[in-house]
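Following my numbering, the numbering of the sequence shown begins with 16 at its first residue and continues without gaps. Report on the structure given below.
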Amino acid sequence: MGIDPKATLLRLIGEAEQRYGQREAFELTTVTVEEGRKWAQTLVNSANRTIEVRVSVFVNDRDPQTIYQLAHEAVHCLFPVQRLDTIYIEEGLAIRHALDAAKNLDRNYPAKCLVALRACP
Ligand SMILES: [Zn+2]
Numbered sequence: 016m017g018i019d020p021k022a023t024l025l026r027l028i029g030e031a032e033q034r035y036g037q038r039e040a041f042e043l044t045t046v047t048v049e050e051g052r053k054w055a056q057t058l059v060n061s062a063n064r065t066i067e068v069r070v071s072v073f074v075n076d077r078d079p080q081t082i083y084q085l086a087h088e089a090v091h092c093l094f095p096v097q098r099l100d101t102i103y104i105e106e107g108l109a110i111r112h113a114l115d116a117a118k119n120l121d122r123n124y125p126a127k128c129l130v131a132l133r134a135c136p
């Protein structure tokens, strides 16, 4: 993989803060990138005020989809809640941020996504 997941996520959180406001003070402990995970996830521990982010990678072209997932999860890191469901408006903001932020990180991102999509069954 060509990116540092935690550094990339912190950068994406910073961009999300510029867009949506300063985040709550939770410590980002780990960013796990696993092959074969079925979904990305932000796990919150309200007692310790920590968050852990897990994203998946795909065999064909890892970075574009990993960046997209990190950008999406960056929005979930702004105002973390310790529950697995989420509100629709937050999902919408996360998707918007993922589309824009990933494109800013890699100018070839849209083209890479098309290649990755074509490779999916
Ligand atoms: Zn989400």
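All C-beta atoms in this analysis are idealised placements derived from N, C-alpha and C, irrespective of residue type, glycine included.
Pull every residue with its beta-carbon under 6 Å away from any heavy atom of ligand 1, and keep them in chain order. His87, His91, Thr101, Glu106, Ala109
Would you please state the rounded distance, in angstroms, between the beta carbons of Thr23 and Leu85? I believe it to be under 8 Å. On the sequence shown, residue 23 is found 8 positions in, with the first residue counted as 1. On the sequence shown, residue 85 is found 70 positions in, with the first residue counted as 1. Indeed they touch by this definition, with Cβ atoms about 6 Å apart.
Could you spell out the range, first to last residue, of the alpha helix (DSSP H) harbouring Ile28? Taking the sequence shown and counting its residues from 1, one reaches residue 28 at position 13. Looking at the DSSP string, the run of the alpha helix (DSSP H) that includes Ile28 is 20-35.
Determine the direct distance from the alpha carbon of Cys92 to that of Ser61, and round the result to whole angstroms. As a working note, residue 61 is residue 46 in the sequence shown. As a working note, residue 92 is residue 77 in the sequence shown. So the alpha carbons of these two residues sit roughly 12 Å apart.
Leu27 and Ala89: beta carbons closer than 9 Å? Residue 27 sits at position 12 when you count from the first residue of the sequence shown. Residue 89 sits at position 74 when you count from the first residue of the sequence shown. A contact, by the Cβ cut-off of 9 Å.
Which residues DSSP lists as bridging Gln56, in chain order: Translated into positions along the sequence shown, residue 56 becomes position 41. BP columns for Gln56 point to Arg69.
Of the choices Arg34, Lys118, Arg133, whose alpha-carbon is the least far from that of Pro79? Reading the sequence shown from its first residue, position 64 is the one you call residue 79. When each option's Cα is compared against that of Pro79, the closest is Lys118.
Take the Cβ of Ile104 as the centre, count every other Cβ of all protein chains shown within 10 Å, and call the residue buried at 16 or more, exposed below. Locating residue 104 in the sequence shown gives position 89, counting from the first residue. Classification of Ile104: exposed, given that the 10 Å Cβ count is below 16.
Can you name the start and end residues of the beta strand (DSSP E) that Val48 belongs to? Mapped onto the sequence shown, residue 48 falls at position 33. Segment 42-50, the beta strand (DSSP E) holding Val48.
Just list the alpha helix (DSSP H) runs in the stretch 75-131, keeping only unbroken ones of 4 residues or longer that don't cross its boundaries, in chain order. 77-91, 103-120
Exposed or buried, Ile102, counting other C-beta atoms within 10 Å across all chains shown (16 or more means buried)? Counting from 1 along the sequence shown, the entry for residue 102 is found at position 87. Per the 10 Å Cβ criterion, exposed.
His112 versus Val96: straight-line alpha-carbon distance, rounded: Here residue 112 refers to the residue found at position 97 of the sequence shown. Here residue 96 refers to the residue found at position 81 of the sequence shown. If you take the alpha carbons of His112 and Val96, they lie about 19 Å apart.
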